[in-house]
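Take a look at the structure below.
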Amino acid sequence: MSIFGSKQALLAGAALAVLGAPIAFAAGNAQSAAPAPSQQASPAPSPSPTPPSATPAPSPAETAAPKGDGEEQGGGEASAPSASNARLPTLEELESLDTDELDELLGLKPKYDIPKAQRRETTRVGILDEAEGGLPAASLAKQPQALVRAALTGTQGRLVSRWGHIALRRALASRLAAPSGMSGVEFAGLRAQLLNRMGEFSAARAIAQDVDVDAWNTRLANAAVDSYIATGDIVGACPLAVLRGGYRDDAQWDALRSICSAYGGESGRARNELARMRNAQSRGDLEDIDVLLAQRYAGAAGLGNSTVTIEWDDVDELTPWRYGLAAALGMDIPDRLLDDAGPYYQRVSASLPSLPLALRVDGARRAAREGIFSSAALIDLYSQAYAAGGNEGSIGTDAAQLRTAYVDPDPAARVAAIRALWGDDAQIPYDRQVLTAYAAARIPAGDQFSGDAAPLIAAMLAAGLDLDAARWSDVVDEGDAGWGMLAVGLPNAKQPVSNNAIDSFSDNDSSTGRARTGLLVAGLAGLGRISSGTRNTWDRELGLELGRETAWSKAIGRAGAVRNAALVSLLMGLGMQGDDWSRMTPRHLYYIVSALRQSGLEAEARMIAAEAIARG
Numbered sequence: 005m006s007i008f009g010s011k012q013a014l015l016a017g018a019a020l021a022v023l024g025a026p027i028a029f030a031a032g033n034a035q036s037a038a039p040a041p042s043q044q045a046s047p048a049p050s051p052s053p054t055p056p057s058a059t060p061a062p063s064p065a066e067t068a069a070p071k072g073d074g075e076e077q078g079g080g081e082a083s084a085p086s087a088s089n090a091r092l093p094t095l096e097e098l099e100s101l102d103t104d105e106l107d108e109l110l111g112l113k114p115k116y117d118i119p120k121a122q123r124r125e126t127t128r129v130g131i132l133d134e135a136e137g138g139l140p141a142a143s144l145a146k147q148p149q150a151l152v153r154a155a156l157t158g159t160q161g162r163l164v165s166r167w168g169h170i171a172l173r174r175a176l177a178s179r180l181a182a183p184s185g186m187s188g189v190e191f192a193g194l195r196a197q198l199l200n201r202m203g204e205f206s207a208a209r210a211i212a213q214d215v216d217v218d219a220w221n222t223r224l225a226n227a228a229v230d231s232y233i234a235t236g237d238i239v240g241a242c243p244l245a246v247l248r249g250g251y252r253d254d255a256q257w258d259a260l261r262s263i264c265s266a267y268g269g270e271s272g273r274a275r276n277e278l279a280r281m282r283n284a285q286s287r288g289d290l291e292d293i294d295v296l297l298a299q300r301y302a303g304a305a306g307l308g309n310s311t312v313t314i315e316w317d318d319v320d321e322l323t324p325w326r327y328g329l330a331a332a333l334g335m336d337i338p339d340r341l342l343d344d345a346g347p348y349y350q351r352v353s354a355s356l357p358s359l360p361l362a363l364r365v366d367g368a369r370r371a372a373r374e375g376i377f378s379s380a381a382l383i384d385l386y387s388q389a390y391a392a393g394g395n396e397g398s399i400g401t402d403a404a405q406l407r408t409a410y411v412d413p414d415p416a417a418r419v420a421a422i423r424a425l426w427g428d429d430a431q432i433p434y435d436r437q438v439l440t441a442y443a444a445a446r447i448p449a450g451d452q453f454s455g456d457a458a459p460l461i462a463a464m465l466a467a468g469l470d471l472d473a474a475r476w477s478d479v480v481d482e483g484d485a486g487w488g489m490l491a492v493g494l495p496n497a498k499q500p501v502s503n504n505a506i507d508s509f510s511d512n513d514s515s516t517g518r519a520r521t522g523l524l525v526a527g528l529a530g531l532g533r534i535s536s537g538t539r540n541t542w543d544r545e546l547g548l549e550l551g552r553e554t555a556w557s558k559a560i561g562r563a564g565a566v567r568n569a570a571l572v573s574l575l576m577g578l579g580m581q582g583d584d585w586s587r588m589t590p591r592h593l594y595y596i597v598s599a600l601r602q603s604g605l606e607a608e609a610r611m612i613a614a615e616a617i618a619r620g
């Protein structure tokens with residue numbers, strides 16, 4: 005949708021009438037009068053009779069959306085009317101145009117911000133090359149685009165498994181070729197949108213930035229703007245505002261363009277636009293607080309509004325726009341708004357250095373549970389808290405305990421500190437196990453600490469420290485929780501797990517309906533660590549229905565059989581959605597673990613299976 009609204013046809017037609025007619029009629033070659041193929045429709049040809057090749061443009065194969073997608077490409081500008089039907093604007097119409105509109109009218113608006121020699125192809129898009137740990141580039145190149153699209157759009161973002169989240173993020177960030185029938189730009193947009201839904205805003209921003217701005221379609225542009233706001237990088241959207249200012253027609257986008265004008269040196273224009281927006285009777289979806297925040301942010305560019313007073317008294321709810329701007333400005337947000345805020349704001353706060361540490365730590369705990377934050381990243385944040393305030397407050401107390409868990413020379417004191425961080429709840433918060441993973445790895449394996457073996461093993465496997473966890477194999481008893489996690493979590497299993505061992509685990513299983521036993525059997529079966537007879541026995545006893553197939557199980561099974569790790573990861577995300585492990589069935593776990601193992605992602609398969617026992 006163009007920001008010009010009803011003016012669009014007028015502008016495009018007038019531009020042709022002013023600049024295009026002489027060229028069209030003077031060029032004797034019909035081909036030379038046609039514009040070069042590009043993703044962004046040009047409002048006017050160049051005033052000089054330059055050959056079509058002089059204007060760099062991506063090939064249609066790289067940028068055009070597949071038919072039937074309904075996705076606007078290159079900003080979705082309407083085709084200009086022919087010169088014969090165009091008319092010149094009146095003086096009043098010219099006076100009503102802003103700077104961007106005049107630039108477009110006169111053909112002065114830039115079409116791209118990267119020189120021709122540095123323009124990037126979209127045949128492969130991503131930030132993680134195979135040599136850097138990414139998945140093979142051609143993994144999805146020959147896959148039907150409908151299947152890939154369904155997996156990407158059908159995954160809403162929240163996965164039950166931390167390790168499932170990590171595996172999916174790796175696939176989405178990999179430098180991949182688009183599936184057959186889908187443009188590279190469209191593929192990038194779908195991935196960036198899903199990364200945003202997962203709370204991986206920095207990764208989504210990086211995916212968008214791997215594509216030249218003038219090649220962005222509406223989907224990728226929207227995903228990029230969302231990621232810029234979520235990461236506090238408000239001016240990161242300014243290249244889009246300059247090149248594709250008309251891709252949206254809403255008040256928030258107008259405010260963002262005004263901010264970009266201020267940082268582009270047009271402070272007067274920005275001041276007038278924001279003042280006019282604030283005084284307007286109708287601002288669409290924007291309220292007074294939204295414009296004030298924009299004025300305050302623009303003021304940092306020398307607009308003179310850096311002292312704008314922000315009042316939250318009449319604000320009833322947070323929005324991503326309000327939170328992103330306020331966070332970027334380092335402003336205090338009322339607790340009453342934060343208390344009612346959803347998970348989105350916790351995920352955002354985890355990585356914003358301008359926010360108070362208390363907010364960041366609270367968000368980082370969620371980020372660690374979900375797989376957004378690593379154990380090391382969470383530890384670093386607590387270290388910052390300790391450096392800033394020592395052991396003051398609840399965060400300082402936790403930071404001091406964490407320090408003790410690492411540096412105290414007495415293993416018993418370190419275990420006591422770890423227990424203090426875990427708390428007294430029967431179910432240890434998973435983020436606390438992620439936090440103490442490396443501290444747990446430093447505890448000597450022995451009978452002295454056998455009572456804490458299971459949670460220590462769970463903590464180590466939360467960070468993928470399987471070799472450290474293996475030291476406890478001789479400490480745990482067959483059939484207890486620690487044994488179950490090691491049975492699926494350790495590499496290089498030498499012999500199948502016996503039926504008697506699973507029976508012992510089942511006897512110790514206090515979960516409702518022996519749900520944890522079902523997850524153990526599913527994990528062992530998916531890893532190929534029990535015989536078919538043992539699998540069938542427990543399948544019947546617990547009613548697991550491991551052999552029942554659906555369209556999804558057939559698809560992920562086929563992807564695993566041909567060792568397509570990227571497609572397996574996407575389909576895994578589709579089948580692993582939910583807020584907690586109660587949403588995961590043993591049957592789904594079996595197909596996921598099996599496909600991951602077959603596709604070469606055995607480490608991820610083992611960690612997911614171990615996590616299921618720890619959290620199920």
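Throughout, this note's numbering is defined as the position within the sequence shown, counted from one, plus 4.
Even for Gly, the Cβ is constructed at its ideal location relative to N, Cα and C.
Between A302 and W316, the alpha-carbon positions lie close to 19 Å from each other. With contact defined as three or more Cβ pairs closer than 8 Å, the region 121-137 and the region 166-179 are in contact.
Exclusion of the five residues before and after T401 leaves N395 as the residues of its chain whose Cβ lies within less than 7 Å of its Cβ. For the 8 Å CB-CB criterion, A255 and L297 do not form a contact. If you look at E136, you'll find it isn't in any alpha helix (DSSP H); DSSP assigns it neither H nor E. Proximity of the region 344-358 to the region 318-331 meets the contact definition, three or more beta-carbon pairs being nearer than 8 Å.
Taking S271 as reference, the option from M281, D292, A305, D253 with the minimal CA-CA separation is A305.
Contact check between the region 578-590 and the region 531-542: fewer than three CB pairs, one atom from each, fall below 8 Å, which does not count as touching. In this structure, the beta-carbon distance from A473 to G530 does not fall below 8 Å. In the structure shown, the three-state DSSP call for L342 is helix. R128 carries a strand assignment under DSSP once its states are collapsed to helix, strand and coil. The beta carbons of S184 and Q147 sit closer together than 8 Å.
Around the beta-carbon of Q499, fewer than 16 other beta-carbon atoms lie within 10 Å, marking it exposed. When only Cα atoms are considered, R280 and L260 end up about 14 Å apart. In the three-state DSSP reduction, P347 falls in the helix class (H, G or I). For I211, the enclosing alpha helix (DSSP H) covers residues 205-213. In the DSSP assignment, I263 falls within the alpha helix (DSSP H) that extends over 255-267. Straight through space, the alpha carbons of A449 and G547 are spaced by roughly 37 Å. Taking 8 Å as the upper bound for CB-CB distance, S143 and L406 are not in contact here, some 39 Å apart. Contact annotation: the region 227-241 touches the region 200-211, with at least three C-beta pairs closer than 8 Å.
For the options R124, E553, R520, the alpha carbon positioned closest to that of A614 is the one of R520. Annotation: the region 378-444 contains the following complete segments of the alpha helix (DSSP H) (minimum length 4 residues), in chain order: 379-393, 397-411, 415-426, 434-439.
For S143, there is no enclosing alpha helix (DSSP H), as DSSP marks it with neither H nor E. Sequence-distant partners of L605 (beyond 5 residues in either direction) whose C-beta falls short of 8 Å from its own C-beta, in its chain, are A171, A569, V572, S573. In this model, A417 and R446 are separated by some 12 Å (Cα to Cα). In this chain, the alpha helix (DSSP H) harbouring V525 covers 519-531. For R166, the enclosing alpha helix (DSSP H) covers residues 166-177. Residue burial is scored here from C-beta neighbours: E549 has fewer than 16 other C-beta atoms within 10 angstroms and is therefore classed as exposed.
For D292, the closest C-alpha among the options N276, T313, A274, R273 is that of T313. When Cβ pairs closer than 8 Å are counted between the two stretches, the region 461-471 is seen to touch the region 435-442, the count reaching three or more. The three-state reading of DSSP puts S184 in strand, counting E and B together. In the displayed model, Q499 falls within coil according to three-state DSSP, outside both helix and strand.
Rounded to whole angstroms, the separation of the alpha carbons of A420 and F377 is 25 Å. Per DSSP, reduced to three states, the secondary structure at Q160 is coil, with no helix or strand assignment. The residue from G367, W487, A196 with its alpha-carbon nearest to that of N221 is A196. Here I560 is near A599, since their CB atoms are less than 8 Å apart.
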